[in-house]
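Colleague: Structure provided below as structure tokens; questions to follow.
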Amino acid sequence: MASKTKKTKEPSASAAALPIVTDPEMAERFERELTWCVGQLECMLKSPSMKDKEPPRSALQVLTNPKTAFVRKRQMMQQLFGDYRQKMHDEDVARQKRHNQIRASTNSEIPLASRFVRRTNQTNDSTTKDNTFSFNFDIPLTDMDKN
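Under the numbering used here, the first residue of the sequence shown is numbered 24, with each subsequent residue one higher.
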């Protein structure tokens, strides 16, 4: 005799696509990782040296699609970039080093050889007492009469 069992309602595909993250810190971290991967893909697409642009383009569509499952996005990022978290960390360390070098160079003392000093108390024969410039040429009057 057939027993009657109730069929349970399985979650729809749209419900599975949304990540179930209760921790806001984890959600923020995932968004940073996703943004980094999308940025890397966009750089790859802009690169003139890359001949086949279809794989990055399709991966970009998968990662930017809000209906794509959380797990699928993680798999795609892992497949494309390997250990993308370590790469992000290395990039941040390199950026911090460059930032510290720039900060160190702006705080350093300017070498004496590259300083410019302007003298203010200097008299010059080419200026008159009212600080207007005039030439001190001896022009004969006969040359001016010809013009």
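Beta carbons: idealized from backbone N, C-alpha and C, even for Gly. Bear in mind that the values here come from a model prediction, so they are computed numbers and not experimental data.
1. Name the two residues that bound the continuous alpha helix (DSSP H) containing F53.
2. Under 8 Å between the Cβ atoms of V85 and M99?
3. Look up F160 in the DSSP assignment and say whether it is helix, strand or coil.
4. Using C-beta distances below 7 Å, list every residue in its chain close to P163, excluding the 5 sequence neighbours before and after it, in chain order.
5. Should the segment 57-70 be called in touch with the segment 100-111, which here means at least 3 C-beta pairs below 8 Å?
6. Going by other Cβ atoms of all chains shown within 10 Å of its Cβ, with 16 needed for buried, is L68 buried or exposed?
7. Helix, strand or coil, according to DSSP, for M73 in the structure here?
Modeller: Judging by the given coordinates:
1. In the sequence shown, the residue the question calls residue 53 occupies position 30. Looking at the DSSP string, the run of the alpha helix (DSSP H) that includes F53 is P47 to K69.
2. Within the sequence shown, the letter at position 62 stands for residue 85. Within the sequence shown, the letter at position 76 stands for residue 99. Yes, Cβ-Cβ distance for V85 and M99 is below 8 Å.
3. Translated into the one-based positions of the sequence shown, residue 160 becomes position 137. The answer is coil: DSSP assigns F160 none of H, G, I, E or B.
4. For this step, residue 163 is matched to residue 140 along the sequence shown. Cβ within range, chain order: n/a, list empty.
5. yes
6. In the sequence shown, the residue the question calls residue 68 occupies position 45. Looking at its Cβ environment, which holds fewer than 16 other Cβ atoms inside 10 Å, L68 is exposed.
7. Translated into positions along the sequence shown, residue 73 becomes position 50. Coil, per DSSP.
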